[in-house]
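**Q**
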Amino acid sequence: MPKFNFNLQKLLDYKDILLKEEISKIQQLNTQIEDCQEKISGINNRMNALGQAIETKGRDTLQIEVLIGYKRYINDLNGLKSSFTKQKNNMELILDKTRNKAISLQKEHKTIDLLKEKKFYEFKKEQEYQEQSLLDDLVCMRRTI
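First residue of the sequence shown? That's 0 in numbering that gives the first Met the number 0, and the numbers climb one at a time after it.
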């Protein structure tokens with residue numbers, strides 16, 4: 000009996016590998032975005048704590064050097080926050096592109112898989128037809144003998 004051979008099986012396997020790679024990239028980007036978000040919220044917490052410390056001590060009782068130091072520290076924190084925000088936004092853009100690529104790969108994979116199922120159905124149909132014709136030939140031969 001002939002064996003079912005799908006000509007595009009290697010392409011299907013290749014698309015499957017690419018899809019798995021894109022999914023792993025998406026997972027890595029999600030963890031990196033979460034890390035950036037945690038760093039941004041940590042910076043916000045430090046800035047809030049610093050603002051509360053200044054308010055509780057009162058501006059009048061703090062020395063000017065301490066206030067200048069606080070201001071510089073807040074400016075540094077704002078710079079860090081903006082750099083992490085830019086980094087997060089860039090990663091989100093890359094994530095969107097990767098998701099779109101993964102979706103298109105998934106559609107291609109699904110299309111090739113449907114083609115494979117259709118070819119298999121046709122193969123089975125042809126196989127059944129050949130078996131039926133072989134059985135008919137055998138029955139006819141037996142009657143003639």
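Glycine included, C-beta positions come from ideal geometry on N, C-alpha and C.
Here the structure is a predicted model, which means the values were calculated and not measured.
Considering only the beta carbon of each residue, do LYS14 and ILE111 sit closer than 8 Å?
**A** Contact flag set, yes.
**Q** On a CA-only basis, which of THR84, ALA52, LEU10, LYS70 is nearest ASP34? Give me that one, please.
**A** Among THR84, ALA52, LEU10, LYS70, the Cα nearest to that of ASP34 belongs to THR84.
**Q** Can at least three beta-carbon pairs, one atom from the stretch 45-52 and one from the stretch 70-79, be found at a separation below 8 Å?
**A** At 8 Å Cβ cutoff, the stretches touch.
**Q** At what residues does the alpha helix (DSSP H) containing LYS38 begin and finish?
**A** It spans 8-56 - the alpha helix (DSSP H) in which LYS38 sits, taken as one unbroken run.
**Q** Using DSSP with H/G/I as helix, E/B as strand and the rest coil, what is LYS85?
**A** Helix at LYS85.
**Q** With a cut-off of 8 Å on the beta carbons, I'd call LYS80 and ILE32 a contact; round off their distance for me.
**A** Contact flag wrong, Cβ pair sits at about 15 Å.
**Q** Round the Cβ separation of LYS115 and LEU17 to the nearest angstrom and send it over; I've been treating them as touching at under 8 Å.
**A** About 17 Å separates the two Cβ atoms, so there is no contact after all.
**Q** So what's PHE5 in DSSP terms, helix, strand or just coil?
**A** In this structure, PHE5 counts as coil in the three-state DSSP scheme.
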